[in-house]
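Everything below concerns the one structure shown next.
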Amino acid sequence: MRIEQRWDVLVVGGGASGTLVAAQLLRNAVGPLRVALLERTERVGPGLAYSTDSASHLLNVPAGRMSAFPEDPEHFLRWMRRLEPATAPGDFVQRRRYGQYLEAVLREAREGAAPGVGLELLQGEVQSLSQVGGLARVVLARGPVLEARAVVLAVGNALPADLPVADGGLYASPRYVRSPWTEGALRHVRPHHPVLLIGTGLTMVDTVLSLAERNHEGRIHAISRHGLLPQVHRPGVVAGPPVAPAEPQRVRSILGTLRHQARRTQEGGDWRAVVDSLRPMTASLWRGLPEPERRRFLRHLRSFWDVHRHRMAPAVNDLLQQLQSTGVLRIHAARVRNFQLADEGWVLARVRPRGFSREATFRVQHVINCTGPDASIGRGHPLLRGLLESGLVRADALGLGLATDAEGALLDAGGRVSGLLYTLGPLRRGDLWESTAIPEIRTQALSLSRRLLEQLASRSEEAPAATTAVASPPPPSFP
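Just so you know, the sequence shown maps onto residues 1 to 479 in my numbering.
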């Protein structure tokens, strides 16, 4: 097999995680380094999370806490103020602005890199990844065959999984939207159409906002097991002092400590400060829990933790309240039993409301899956499925992501630490729990970049052999 391009580091995935680790490599490398950033789409930086064009989609973290760099906490705030001088640290800015910011971060890191340190942007999709000697070999579906001394998997989140219920042909019909984030997902939804949204978390909230922008007036039903909406940020609340449970080896002790501290803050404080105080220590608390305790948390408390931890901006809550008061939006606590396609484009969804034995039926014209990423990493990512089958990686004990060491090096099927494959972000969820938001990903990106640079420097000082690249799709350009 002819190897057409070789790199020191190949980052697979050009969303937020991949962009941040590539930027840190460029910023911290002092000697020759060849980095490639491979992305399926033409745009590098925003990824799925920040590529929205909707003005109503806001960050759910204040601007003052969204810097790309842990060592420079006001970096994003300064960038925003160049565009909108009145931006305050507590403002929830448009999410598309953050996508533009990530593009700028990578562009500036590329322009300011040391001599001999370079980045090339590649467009393509990985077909397979294998280990050949001391290198990783990457075959693309179309384009050149690549080799790298290290590969960072920054593939982000998978699409939602279809509900495991009888669908009556729904999933193969245009009446079903597997993910509201796919291009043109809402193109068939007319303003008067009744809609059923599966899930009541932040993805559902964004979908409702998108429908509202299109002047939707038909009934919107949103359903989940508990019928819980994300809680709301309160302006001016800052994280309280760290709350360390006395017995972190049990979920019950952590919950008890949180409840106790929340009661103490009721008079002069806010429970949000208590929840946020856990953020710096969440990973260590999670790792301190035995596996049965982690499973207990996922089974009984995950939904409640998510709505208190991942909150929405006050302005977003105001709009949802308005839609609920007018009857356009209705939230239900129930389980879907099955779907059935009816005549004239209707869908019948049979559900069992929580706390009731009898079932009810929703009659809608569209069903939109807002449940979040598929929990089965092999099913959601063909590349990861191939790596799991080959034994180059293994799933974490809970099946939430891939098993890693403390700095993001992947473990193989035998538990050995890879010297070639690394990851960050959502794929580390099982080992760290909190691993999907920018404040955690930026720290991982810095740590991983330092690990990679030290490791590459400790190997042979000989640079990758120069090769002749064949024609490939043009790399994305920065605005």
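Ideal Cβ positions, reconstructed from N, Cα and C, are used throughout, including at glycine. Remember, predicted model here, so these are calculated numbers, not experimental data.
Whole-Å CB distance - residue i paired with residue j, under 8 Å assumed
| i | j | result |
| --- | --- | --- |
| residue 373 | residue 158 | 5 Å |
| residue 13 | residue 153 | 7 Å |
| residue 338 | residue 177 | The pair is not a contact, with the Cβ atoms about 18 Å apart (cut-off 8 Å). |
| residue 223 | residue 336 | 7 Å |
| residue 420 | residue 151 | 6 Å |
| residue 11 | residue 48 | Actually they do not touch by this definition, with Cβ atoms about 16 Å apart. |
| residue 231 | residue 311 | 5 Å |
| residue 347 | residue 187 | Their Cβ separation, rounded to whole angstroms, is 17 Å, which puts residue 347 and residue 187 out of contact at 8 Å. |
Identified DSSP bridge partners for residue i
| i | result |
| --- | --- |
| residue 317 | Note: residue 317 sits in no beta bridge, so no partner. |
| residue 118 | 34 |
| residue 353 | 334 |
| residue 128 | 139 |
| residue 312 | 232 |
| residue 171 | Residue 171 is not bridged to any residue. |
| residue 98 | DSSP output for residue 98 lists no bridge partner at all. |
| residue 5 | 146 |
| residue 441 | Note: residue 441 sits in no beta bridge, so no partner. |
| residue 283 | Answer by DSSP bridge pairing: none, since residue 283 is not bridged. |
| residue 220 | 195, 329 |
| residue 39 | 123 |
| residue 368 | 177, 197 |
| residue 404 | 410 |
Which listed residue (the options) has its alpha carbon closest to that of residue i
| i | options | result |
| --- | --- | --- |
| residue 450 | 119, 399, 29, 190 | 29 |
| residue 349 | 59, 168, 184 | 168 |
| residue 284 | 242, 136, 155, 114 | 242 |
| residue 322 | 409, 208, 270 | 208 |
| residue 221 | 98, 250, 353, 252 | 353 |
| residue 294 | 312, 273, 251 | 251 |
| residue 194 | 181, 218, 274 | 218 |
| residue 342 | 357, 173, 84, 98 | 173 |
| residue 45 | 102, 62, 54, 69 | 102 |
| residue 82 | 253, 100, 71 | 100 |
| residue 345 | 91, 386, 189 | 189 |
| residue 196 | 361, 264, 59, 75 | 361 |
| residue 480 | 390, 299, 202, 446 | Nothing can be reported for residue 480: it is not among the residues displayed for the chain, which extend from 1 to 479. |
Spatial distance of residue i from residue j (CA atoms)
| i | j | result |
| --- | --- | --- |
| residue 78 | residue 427 | 30 Å |
| residue 139 | residue 444 | 27 Å |
| residue 116 | residue 18 | 21 Å |
| residue 425 | residue 216 | 35 Å |
| residue 57 | residue 192 | 22 Å |
| residue 287 | residue 405 | 12 Å |
| residue 133 | residue 27 | 29 Å |
| residue 32 | residue 439 | 29 Å |
| residue 106 | residue 22 | 7 Å |
| residue 227 | residue 351 | 13 Å |
| residue 304 | residue 411 | 31 Å |
| residue 95 | residue 130 | 36 Å |
| residue 467 | residue 141 | Caution is warranted here: a pLDDT of 36 is assigned to residue 467, below 50, making its placement in the model unreliable, and the coordinate value is therefore given only provisionally. Their backbone Cα atoms lie some 20 Å apart in a straight line. |
| residue 317 | residue 62 | 15 Å |
| residue 73 | residue 418 | 32 Å |
| residue 16 | residue 279 | 20 Å |
| residue 8 | residue 93 | 36 Å |
| residue 239 | residue 65 | 12 Å |
| residue 276 | residue 166 | 40 Å |
- Item | Stretch pair the stretch 423 to 440 + the stretch 115 to 133: three plus CB contacts closer than 8 Å | no
- Message: Does the contact criterion of 3 or more C-beta pairs under 8 Å hold for the stretch 363 to 372 versus the stretch 393 to 404?
- Response: no
- Counting pairs of Cβ atoms below 8 Å between the stretch 318 to 338 and the stretch 198 to 218, do you hit three or more? yes
- Given 8 Å as the limit, is there contact between the stretch 248 to 261 and the stretch 382 to 396, that is, 3 or more CB pairs closer than that? no
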